[in-house]
Amino acid sequence: MSEIFSVTVLVGILASAIRLATPYLYAAIGESFAQTSGVVNLGVEGIMLVGAFAGFYVALFTGNLWLGLLAAVIAGILMGLLMSFISVTLRAEQGISGIGLFMFGLGLSSLLFKTTIGTVKTIVGFPPLKIPVLGDIPIPLAWWLLDKTTLGLKTKAVGQNPAAADSLGVSVLRNRYFNVCLGAALAGVAGASLSLSLVNLFQENLTAGMGFIAVALVYFGGWRPLGILAGALLFSTVNAIQLWVQVLGIGIPADIAVMLPYLLTIVALAVTANRARQPAALNKPFERGEN
Amino acid sequence: MSVASADTLPRSRRLSIDWVNAAFRIGLLLLSLLFAFLIGAVVLLLLGANPLVAYSTMFTGVFGSVYGVTQSLVKATPLLLVGLGICIAFRASVINIGAEGQLILGALMATWFSLQFRTWPSWLLIPTTIILGFLAGAAWGFIPGILKARLEVNEILTTVMMNAIALQLMNLLLSGPLIDPAGITAGTYLAQSERLPEAVWLPRLVPQTLLHSGAIIAVLLAIAVYIFLWRTTIGYRIRAVGLNPDASRYAGIKVPFYQALSLTLAGGFAGLAGVVEVIGVQHRLLEGITSGYGFSGIVTALFGGLHPLGVIPASWLFGSLLVGADKMQRAVQVPSALVDMLSGLIVLFVIGSQWIANRWSKRRMAAAAGAKR
Amino acid sequence: AQPAAPAAGGAAGKPLRVAVVMPSATTDMAFSQSMFEALKGVQKELGGEKAMELKYSENMFKVPDAAAALRDYASQGFDIVIGHGSQYGSSIQEIAKDFPKTTFAWGTDVNTFGLPNVYAYTAAAEEGGYVNGVLAGKLSKAKKIGVTGPVEVGDAKTYIDGFVQGVESVDKNIKVSKTWTGSFSDVALMTEAAKTHIASGADTLTGSSQSVVGSIGAAKDKGNVLWFGTQADQASLGQNFVVASQVYDWNGILKEMIENRKKGKLGGEKFVLQLKNGGLKISYNPGYKLPDDVKKAGDAAIEGIKSGSIKVNP
Amino acid sequence: MPSTPPSTIQRRITSVEMCDIVKRFPGVLANDRVCFDVRAGEVHALLGENGAGKSTLMRQLYGMYQPDAGEILIDGQRVEFHSPADAIRSGIGMIHQHFMLVPTLTVAENIALGLPSSRGPVLDLDKVSARVQELSAAYRLKVESDAYVWQLSVGEQQRVEILKALYRGASFIILDEPTAVLTPQEVDDLFATLKHMVSEGHGLVFISHKLNEVMAISDRVTVLRDGCMAGTIPGREATRDILVSMMVGREVKPLAPQPLQAGAARLKIEGLRAQGDRGTEALRGVDIEVHAGEIVGLAGVSGNGQRELAQCLAGLRKVTTGTITIDGKDLTHTELKAHIEAGLAYVPEERMRDGAIRDFSVEENVFLHDHAAPAYTHAGIFLDFRKMAAHATDLVKQFSVKTPSLDTPIKNLSGGNIQKLILARELSRKPKILIAAQPTRGVDIGASEYIHQRLLEQRATGTAILLISEDLDEIRSLSDRIAVIYEGHIIGIVQRGEATVEEIGLMMAGVSATHG
Ligand SMILES: Nc1ncnc2c1ncn2[C@@H]1O[C@H](COP(=O)(O)OP(=O)(O)OP(=O)(O)O)[C@@H](O)[C@H]1O
Ligand SMILES: Nc1ncnc2c1ncn2[C@@H]1O[C@H](COP(=O)(O)OP(=O)(O)OP(=O)(O)O)[C@@H](O)[C@H]1O
Ligand SMILES: [Mg+2]
Ligand SMILES: [Mg+2]
């Protein structure tokens, strides 16, 4: 048991946690933008898959990782446009649009993978910690965007009281399009962080549910970048610890160890009692004169 | 606006159907399906398959045989059950993403219990198993419910996490306590339980098909949920809480209690879906038992307008779509991913078209208002 | 259902019609892919599409859908219908009764339900696991070996149990630690599990399921870590560090079924892929220079298992 | 008047005309060929009963809705506004009936929302605050620009709304019922500001249900009735009777309350203390008694503890110390349910938020409390629709609630009718004690009169009524005794007719009265 407190292990846990957190972090920060503007996008998983595939495909055939990353961003934005069109322009129920988007993304990425690459191939990806992780990444940027810019102000207003924003001439539609697409672009990056850095390959359903966890982490983080960072790190640190617990053979059944990150995330939220209120207009399509 | 005359305040609870509106809506629905299928046709052509063959087998696959029809009902059953739970939760303004996990719990309970009490006669074993499965799912829904009620922990977070926990719980039980002893003897260690005693199998409705009496139970429950939500005091409170928690609180309704209750009930219905999958279709617990019904059930509920009676046709439609799409895949041998993609597109287009329909009927009413003066 | 029009008549009259239903994708680098490729191989041997029609349904992890597919193929008049997933057993048992003239095969399991038209097949994954274990035990300098798997069931379990026995036969002091990720598809977590083993000092890894491609990637990143594969030949994923793979070769049993059917025997038999009957093969990676003495130990283990002098418990 | 401030007008408009405007909503013709015009330097009042179409007309001028027919001319030029952005650009501002503020943002952020920043994409809130300070000094609109909007009283929120329009350089400003939520003092302040704006060349549209205000400030008055024009008259010709007959088409009699026949004390509040939402102490020792058959008016500037007091009485807020007794029964620490059972009824201040469920039908809203009562259920489980419908029809008839049907969602009713229905619901429960908070806020004159009548009738049956209102006229005409609340305690209680408006106004500002 004491083995777990050795330096190797602690360093290992830290490195693992940061690696594991990366996709969650990008996806959840992206989702928090969409949600701050009032749109729940449950399709993050689908966007991540399409992003992961697009990034991998381009990187594989051009040999250029940066082009791959760009492709992932573009693919993400295209998916974001689809989501915005359905849920913002056509004001469809957001939960269902998101699940539709997830199914579409899952199908599209698998279909393209089958018809273009066809089998598991690997590439040499970004070194895991070189892909901008903690320093020059989304957290400070997201914080700055939300709290220091006119765009962030509009976004918060549109998510809290779209009628008020609208009455001041802010285009609710445009703002939501922008934030959903920004979120989707980040989900694309999250997908690419898997296929271009962490696992360096693409496979059907590569994300295996990460997109949904990312959405949950937004609630954990109370729509604040730092809260999301805390949530993603907590989740992935516990995950890293449970892997070490298994490797070191500390007698906990594997299935229980695997449950721990999920369990502790719930417990942490219950205990720390983060009572952040969700954006008041979350999941409410806006129509002038209706609200 | 006219003042209603004193003793004849009109009541429209009597069913009055606006046929033009209905026709427009159905037309729009078909149009959006057509649109999705057109995109599918392009993809099929790109894959070198004949879209006409594909779609005609899709259609005949569902409607051309008893087997196709029953198969879509088999798929509709768990969708309907999950959808009913989702209806209750959404009516209380609670978002339940946790049907997958709740379904697993129902299935686990049904498996454990019916194996444990395999000697019981059918008339006793089946109802007890169903009730216990419901309770197990309900317990899984109760946890996020009580966390929301007592500690204001967001239910989306908890239900997503509880899905993962339920899955691991099933893994744990299937690799140990519930594993099929035959698999151990044979050295295969398959992730499945022993076959359940025949006493617990739900009777089949049509021989040589998988259609089982769970389908009837589900439809009856849909009617019961409708009555529950619109005709009982508890249902009234659930809807009040969902529409305006503040006013409900001012009226003395315990808002957290009803939110927790609705999540618990939602869990129970998802648990039932797990039960019928186990005792109606599989006759044993297998990994992958949820078949993603926990998610497609949400879509089904929303397609059904979050109305228990609406979910009946919605689940049948959705079930047919899934069966037809598989059939198509077999006929033209395209990757199954195409089916996922197509279903996603259909969901997106159908849900997107609803707003157009709503706006159209509003315009029509407004125009009618103008004509009245 | 309408029976599909039979393919244009070949030289030998009607072609043999075979359909397979698989739980994962035909490109999973593991269980489904091994069967699909074997079927295509047999098709080629028999003379291409004119001699054998092959239809497949993949990603059928939902059992009711698989059941529908199996029944559909049977009612379309396919000669051999394969349910390539242990979860399809109940469905096969029911459907086979309704189509007594059709040959059904399913696996991995050993139960034919006493039906004359059902074959069952399984793989003694522990045998190849043992051989891989012997090789790994000899090659691990750090005397630390890491195993990554999805869930401790099925051939993921039996392979790894065999592997551990193989390692122990070489040196009881070698530490084999196992991690289970709880998911067949979570590549990222599998990768991280492998990285954790490496960080804890392991220099040799193995694992099972379609998500081990992540573990292989982790080994590749590290550079001096060895990998042992199972189910399919994974040499293509690592030219210089994949030592050997246990390969499931369904070819033999498929051909045997076809032969039997020609002779009028529709089923009622179980097949086990073993080293002895050639169903399991240890495929050494030519790109990895295996020291002679190690190879000898491996071959000795193979021979021992074949002859029965080495007993591996699943 | 302060020294002439720099004019805020960016684009001068001399006239705005709306011609033959038609606007339809599902089931409603909200504006039927309405003509309306405003000139620079005048206050044009818009009057009409609830649902007459005032807000709808103005929202079209502000680009929120597009007219179905008719046109809008600015300085004689035809314009088409597709969104408020277009209207703002043309120099039109609007202060909405329901405030359009984002509670989670600060005052400065609310004001800066949607405006370009001097620093490009980056906010420059300091500059905004500075300019807000200038404006608030010039127009005597005191606000703190760093405060969050949720921390502000309604009066302060109103000032933020006006500042928002001024900050944008609006030349024409529409004020949709700006005084509904203000105290007399605040109304005076607002009028001073408005007069100053007019003198600067602003054109103002003023909507109100309070006729004396309309007569006090308007240069012209236009009256709408049921979506149609009832006419436009010069402000100086407007009298109460003329306006009322234009609006309602009948006479509305002032009230004549019967003398008091008060019985025993029904509601006793002693030394009540409670926390407010922001964690500060909102009630600091409140003592009031309300007797059977008596109306006690609780006057006070909003934010002095009225809301918290009402919530404590209703059992919706925790009491720190002190006692609440109803008919001798201690209900200090019991839950809402016990209060309801003890015979307490409550008309909440925020009727749409706390008093009704927008998407429930009229009938369903009637049964918010009593849906489980044996009289309306089978076995206490199943709702008995026949009895429910009978009761709801009864109430709708008795209180002349205008509704197309019992199944109409309540959100489709006008504010006055919603309020009548809520009052009907509460009174039908035969309460021993009624707490009515702002019962006629935003309600038109006809409906107000009706509601007042009902309250007096209820009093005559022996109910103890605590009337919480910021409308001093209402308080003075209905109450047997008037209690004034200031900073969480009762600063004085006076008998009807014992104190002038000015004296009560002083007490509301915290100056203790000599009366007892
Ligand atoms: N602070 C900012 N940072 C980055 N991009 C911005 C920023 N502000 C605006 N943009 C760009 O402007 C585009 C429009 O977004 P925005 O919400 O500002 O709408 P807008 O054109 O200003 O319309 P409106 O003022 O009516 O809301 C976005 O796509 C975005 O690229
Ligand atoms: N968005 C809308 N959809 C449908 N009907 C509406 C809408 N807005 C207003 N109405 C209806 O139009 C009519 C006019 O409403 P409006 O709000 O203009 O009245 P008002 O004169 O401002 O009343 P009040 O004095 O209560 O504010 C009412 O019958 C109202 O129910
Ligand atoms: Mg109005
Ligand atoms: Mg702008």
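Protein sequences appear in the order of chains A, B, C and D.
Residues in the first sequence are numbered consecutively from 7, following the working numbering.
Residues in the second sequence are numbered consecutively from 65, following the working numbering.
Residues in the third sequence are numbered consecutively from 2, following the working numbering.
Residues in the fourth sequence are numbered consecutively from 288, following the working numbering.
Where is the CB? At the ideal position from N, CA and C, for every residue including glycine.
Straight-line gap, residue i to residue j (C-alpha atoms, nearest Å)
i              : j              : result
A236 (chain A) : F206 (chain B) : 27 Å
V468 (chain D) : I762 (chain D) : 14 Å
L26 (chain A)  : F321 (chain B) : 37 Å
I504 (chain D) : I461 (chain D) : 14 Å
W419 (chain B) : E293 (chain A) : 11 Å
P371 (chain D) : G775 (chain D) : 40 Å
P718 (chain D) : K684 (chain D) : 20 Å
G269 (chain C) : G280 (chain C) : 19 Å
Y122 (chain C) : G408 (chain B) : 36 Å
V501 (chain D) : C187 (chain A) : 49 Å
R230 (chain A) : W149 (chain A) : 8 Å
V253 (chain A) : L402 (chain B) : 39 Å
I611 (chain D) : M794 (chain D) : 25 Å
Interface flag, residue i vs chain F, CB-CB below 7 Å
i              : result
M351 (chain D) : No chain F appears in the structure shown, which is made up of the protein chains A, B, C and D.
Pair within 7 Å by beta-carbon distance, residue i and residue j
i              : j              : result
E128 (chain C) : L291 (chain C) : no
N118 (chain C) : L267 (chain C) : yes
L596 (chain D) : A170 (chain A) : no
A52 (chain C)  : W251 (chain C) : no
V244 (chain C) : Q235 (chain C) : no
N314 (chain C) : F229 (chain C) : no
L336 (chain B) : F177 (chain B) : no
A23 (chain A)  : A246 (chain A) : yes
G609 (chain D) : G566 (chain D) : no
Beta-carbon contacts of residue i that lie in its chain and below 8 Å, excluding the five residues immediately before and after
i              : result
V295 (chain C) : L136, K139, L140
Neighbouring residues, chain D, relative to residue i (Cβ below 8 Å)
i              : result
K154 (chain A) : V409, L410
Listed by chain order, chain C residues near residue i by CB distance under 7 Å
i             : result
S22 (chain A) : E193, K196, T197
Contacts of residue i in chain D (Cβ-Cβ under 9 Å)
i              : result
A171 (chain A) : M387, V389, L400, G401
Amino acids of chain B, ordered along the chain, whose beta-carbon sits closer than 7 Å to that of residue i
i              : result
A276 (chain A) : L211, L215, V217
L117 (chain A) : P399, A401, L402, M405
N60 (chain C)  : S400
Proximal residues to residue i (C-beta, below 6 Å), its chain only, five neighbours per side dropped
i              : result
G590 (chain D) : S440
Within chain A, the residues that residue i reaches when beta carbons sit closer than 7 Å
i              : result
S407 (chain B) : M109
W419 (chain B) : L96, R97, A98
Partners in chain B for residue i, counting only beta-carbon separations shorter than 9 Å
i              : result
F312 (chain D) : K426, M429, A430, A433
Within chain C, the residues that residue i reaches when beta carbons sit closer than 8 Å
i              : result
Q232 (chain B) : G183
Chain B residues whose Cβ lies nearer than 8 Å to that of residue i
i              : result
G642 (chain D) : A311, Y314
T231 (chain C) : The contacting residues do not exist; T231 (chain C) stays about 15 Å from chain B at best.
Neighbour list for residue i in chain D, Cβ cutoff strictly below 7 Å
i              : result
N308 (chain B) : I644, R645
Cutoff 7 Å; reference residue i; Cβ partners in own chain excluding five residues on either side
i              : result
G141 (chain A) : Residue placement at G141 (chain A) is poorly supported in this model, since its pLDDT is 45, which falls under 50; the coordinates still yield a value, given next. So no residue of the chain qualifies.
L406 (chain B) : A100, G104, A389
Exercise answer, beta-carbon shell around ligand 3 heavy atoms below 6 Å: Having a Cβ closer than 6 Å to some heavy atom of ligand 3 are D:K341, D:S342, D:Q384, D:D463.
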